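Undergrad:
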Amino acid sequence: MRAARLSALAAASALALASCSADAPAESSPTATSDTQPGVTAGPGGAAPSASAPGVTTPVTTVTVAGTSDIATGLAAPWEAVFAPDGSALVSERDAGRILRIDGDSATPLEGPGAEALASAVDATGEAGLLGLALLPDDPNVLYAYLTRGDGNAVVRMSLDGDTLSEPVDVVAGIPKARNHDGGRIAFGPDGFLYVATGDAAQPDLAQDQGSLAGKILRVVADGSDSDGSAAPGNPFGDGVWSYGHRNVQGLAWLPDGTMVASEFGQSDADELNVIEPGANYGWPVVEGLIGAPDGTALGATVDGLTYPVAEWRPTSASSPSGIAATEAGVFVASLRGEALHWVSYVDGVFGEPEAIIDDLGRVRAAVVDGDGALHVLTNNTDGRGSPGDGDDRLVRVDLDLEG
Ligand SMILES: [Ca+2]
3 MRAARLSALA
13 AASALALASC
23 SADAPAESSP
33 TATSDTQPGV
43 TAGPGGAAPS
53 ASAPGVTTPV
63 TTVTVAGTSD
73 IATGLAAPWE
83 AVFAPDGSAL
93 VSERDAGRIL
103 RIDGDSATPL
113 EGPGAEALAS
123 AVDATGEAGL
133 LGLALLPDDP
143 NVLYAYLTRG
153 DGNAVVRMSL
163 DGDTLSEPVD
173 VVAGIPKARN
183 HDGGRIAFGP
193 DGFLYVATGD
203 AAQPDLAQDQ
213 GSLAGKILRV
223 VADGSDSDGS
233 AAPGNPFGDG
243 VWSYGHRNVQ
253 GLAWLPDGTM
263 VASEFGQSDA
273 DELNVIEPGA
283 NYGWPVVEGL
293 IGAPDGTALG
303 ATVDGLTYPV
313 AEWRPTSASS
323 PSGIAATEAG
333 VFVASLRGEA
343 LHWVSYVDGV
353 FGEPEAIIDD
363 LGRVRAAVVD
373 GDGALHVLTN
383 NTDGRGSPGD
393 GDDRLVRVDL
403 DLEG
């Protein structure tokens, strides 16, 4: 076994970041812009050595956390972070309907007609609000957002000129909403189409209803044109649906071999990590995890038309998974009630048992990889369900040791 550790430079950098943020109380942190939101501070960011440094031995069989460092603190109910090519991060704040740009030491709210429209339209009750974000891969000045509005959940598109958002245009509207189970993650797949994770809107039978957008993963055209939101070519049913039978999906990612994975909240007995295949039925509300499956059903199997998860957590207090990231090291899962970052190995196409590699950040909402391959997480302790600590909520860089 060969250890593929981060370079000495990376380790030194992580230590420097950690000591710097520890030494810099919020009120004395530099603020680069006059409209930087008080209370939100951004720590040292900038170019960072990759966590997936060349020379990593794959498959990765052991992952440990070498260190963590705050990139931004003082966030209010953050839900998603996406990284722009310039290294800055856009972070959605669920309840305010606000998007912040974290860039070096500054945390600047986006402004303009789009920002005003999001803040006024957002219907943030329970788990609903401004949720997922995605930048168009071919043009990072085009931003997609998933939000709960009066008329349901919707995906909208805006253009981004500096920190100014244009008026939103609907991409997908009419996704059933509820106080809970709103899905909300959006992500571009390696095929260039936009995948949209929805929830069952607390109406479980909608997950099996082919005519409803609830309890689905959708796959739609999103290229910044008038075609946005139309069914992507090759979809299994000729409409926007890619997979169904989901209770509440909030994590979407692709492994380096193209395998699509999604996290899913269970009712109370079993949370799920699923491999997503087009047209597959993931079983809700007929089954939850492997519970209800015929005796002997294996993880990842498809039996009697239902596809079962490749990994489970029992009971749901062990995880309650939201965002996920996938790298050559496997899958990283942000766990809310489980108050952890879980890692699921992926070796020769086989997923391992979930393992908590971070358990001291409280609730974790998102796991994201930046343009250099470095893993980041968003904490989720300020939305009323957690116990906020100093600096919460935070965008945290996670440096990993990988062994294979
Ligand atoms: Ca299922």
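Using the numbering used here, read the sequence shown as starting at 3 and increasing by one per residue. Note that beta-carbon positions come from the ideal geometry of N, C-alpha and C, so glycine has one too. From a predicted model like this one, the values you see are computed outputs, not experimental measurements.
1) Compute every distance between the C-beta of E118 and the non-hydrogen atoms of ligand 1, then say whether any falls below 6 Å.
2) Which two residues bound the contiguous alpha helix (DSSP H) that contains E118?
3) What are the boundary residues of the beta strand (DSSP E) that I104 is part of?
4) Is there contact here, the stretch 250-260 with the stretch 296-304, by at least three beta-carbon pairs under 8 Å?
5) Could you check if E129 is buried or exposed, using at least 16 other CB atoms within 10 Å of its CB as the buried criterion?
6) First and last residue of the beta strand (DSSP E) that includes P178?
7) Starting from the Cα of V398, find the closest Cα among V263, P238, L135, I360 and give me that residue.
8) Answer yes or no: do T318 and S270 have a C-beta to C-beta separation smaller than 7 Å?
9) For E252, count neighbouring Cβ atoms within 10 angstroms of its own Cβ and tell me buried if that reaches 16, exposed if not.
10) In terms of DSSP beta bridges, what is R151 paired with?
11) Note down the Cα distance separating G76 from T110, rounded to an integer number of angstroms.
12) Once DSSP output is grouped into helix, strand and coil, what is the label at L308?
13) With a cut-off of 8 Å on the beta carbons, I'd call G325 and A336 a contact; round off their distance for me.
14) Check for me: the beta strand (DSSP E) holding H344 runs from which residue to which?
15) With a threshold of 6 Å (Cβ to nearest heavy atom), would E169 be considered close to ligand 1?
16) Compare the beta carbon distance of A83 and V93 with 7 Å and say whether it is the shorter of the two.
17) Using a Cβ-Cβ cut-off of 8 Å (strictly less than) and excluding sequence neighbours within five positions of V305, which residues of its own chain qualify?
18) I'd like to know whether the C-beta atoms of G281 and P238 end up nearer to each other than 7 Å.
19) Please state the DSSP three-state secondary structure of S389.
20) Is there at least one non-hydrogen atom of ligand 1 closer than 6 Å to the beta-carbon of E274?
21) Determine which residues share a DSSP beta bridge with I73 and list them.
TA: With the structure as the only source:
1) no
2) Residues 115-123.
3) 100-105
4) no
5) So E129 counts as buried.
6) Per DSSP, P178 belongs to no beta strand (DSSP E) and is neither H nor E.
7) I360
8) yes
9) It is Gln, not Glu, that sits at residue 252 in the sequence shown. Label assigned to Q252: buried.
10) G154
11) 13 Å
12) strand
13) 5 Å
14) 342-346
15) In terms of side-chain proximity, the C-beta atom of E169 is found no nearer than 6 Å to any non-hydrogen atom of ligand 1.
16) yes
17) A295, P296, T299
18) yes
19) Three-state DSSP puts S389 in coil, outside helix and strand.
20) Within the cutoff, so yes.
21) According to DSSP, which records beta bridges pairwise, I73 is partnered with nothing at all.
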